Amino acid sequence: MTTSTSSKHTLAFRDADGTTRLEYSDVKITTLPPAKRVYGGEADAADKAEAANKKEKANG
2 MTTSTSSKHT
12 LAFRDADGTT
22 RLEYSDVKIT
32 TLPPAKRVYG
42 GEADAADKAE
52 AANKKEKANG
């Protein structure tokens, strides 16, 4: 096994004959601004508030 400096996702597959196959894909690292994780009704309310803020900024 070799060690590399780049991060990889390991993808495991089971083929039709029952053997396991491993593949690797590059990891894409993105930067998102810090934000609270919200779900359900709270997420809907946050989406509406964000849309209202964008509309307000667009209208000046």
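Our numbering puts the first residue of the sequence shown at 2, with every later residue one more than the last. Ideal Cβ positions, reconstructed from N, Cα and C, are used throughout, including at glycine. Remember, it's a predicted structure, so these values are computed and weren't measured experimentally.
Asked, Found
"Local conformation of Ala-13 per DSSP, three classes", "strand"
"Backbone CA spacing between Ala-17 and Gly-41 [nearest angstrom]", "39 Å"
"Alpha carbon of Lys-49 to alpha carbon of Lys-9, nearest angstrom", "37 Å"
"Given Val-28 as reference, the closest of Gly-61, Lys-37 and Ser-7 once Cα atoms are compared", "Ser-7"
"Residue nearest to Ser-26 in terms of C-alpha spacing, selected from Leu-33, Gly-19, Thr-32 and Leu-12", "Leu-12"
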